[in-house]
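Working notes for the structure below.
Below you can see the structure in the form of structure tokens.
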């Protein structure tokens, strides 16, 4: 299913780029960059030099390609670098904004419909999730966890599910 989804998305992006006057012939820079964008946003990014080790890595990590996809998706270079074709940069930006808007919209709609306030501090592990009792639903597809980690590393603070903000301790410390 995902391979068909990826191929259909890629074919659609090729048509759009061709209509915009881009060279999308096989092997062109635009076609290659658009394929990478599709893979990044569907969790199928290549893991580089260790591609052959993916079966082993699947046994250790939940999904190494999804992890790499998310990290690549959050890399600002993919949105501003002139080394990446313009259609690929535009599509990556469109996908990122759409993904963020959809996640925020679902969380806001849930909050509005239920009257339950949702976490807005990215340092909290509750961020980007819908809370209902003891159940958490991650509407970001796991991407909010990376933003939480980045926020904690930048601010050197963490926020517990009870709302207490603490300084991060040094390596090996539980706090």
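Numbering (my numbering), first residue to last: 919 to 1093.
Note that beta-carbon positions come from the ideal geometry of N, C-alpha and C, so glycine has one too.
Other residues of its chain near residue i: CB distance less than 7 angstroms, five sequence neighbours each side excluded
| i | result |
| --- | --- |
| residue 986 | 963 and 965 |
| residue 1012 | none |
| residue 1035 | 1029 |
Spatial neighbours of residue i in its chain, beta-carbon cut-off 6 angstroms, leaving aside the 5 residues before and after
| i | result |
| --- | --- |
| residue 942 | 932, 935, 936, 948 and 949 |
| residue 958 | 987, 990 and 991 |
| residue 861 | Residue 861 lies beyond the stretch modelled for the chain, which goes from 919 to 1093, so this question has no answer here. |
Reduced DSSP secondary structure (H/G/I, E/B, other) of residue i
| i | result |
| --- | --- |
| residue 1032 | helix |
| residue 960 | coil |
| residue 1080 | coil |
Option in the options with minimal Cα separation from residue i
| i | options | result |
| --- | --- | --- |
| residue 1067 | 1033, 988, 1055 and 1019 | 988 |
| residue 1072 | 996, 1086 and 1028 | 1086 |
| residue 1056 | 981, 1000 and 1020 | 1020 |
| residue 1018 | 1059, 1029 and 1035 | 1059 |
| residue 1080 | 983, 1037, 1070 and 1004 | 1037 |
| residue 940 | 928, 921 and 1004 | 1004 |
| residue 927 | 1050, 1009, 1083 and 976 | 1009 |
| residue 984 | 997, 944, 1039 and 920 | 920 |
| residue 1082 | 1000, 1002 and 1039 | 1039 |
Cut-off 8 angstroms between Cβ atoms - residues of its own chain near residue i, not counting five sequence neighbours on either side
| i | result |
| --- | --- |
| residue 924 | 956, 957, 960 and 962 |
| residue 1064 | 988, 989 and 992 |
Any 3 or more C-beta pairs closer than 8 angstroms across the stretch 1021-1030 and the stretch 969-986: Taking 8 angstroms as the limit for Cβ pairs, the verdict is that the stretch 969-986 does not touch the stretch 1021-1030.
With contact counted as at least three CB pairs below 8 angstroms, one residue from each stretch, are the stretch 1071-1078 and the stretch 1030-1047 in contact? The stretch 1071-1078 and the stretch 1030-1047 touch, with no fewer than 3 CB-CB distances between them shorter than 8 angstroms.
Of all the beta strand (DSSP E) runs that stay within the bounds of the stretch 984-1057, which reach a length of 3 or more residues? Counting whole runs of 3 or more residues, the stretch 984-1057 contains the beta strand (DSSP E) stretches 1047-1050 and 1053-1056.
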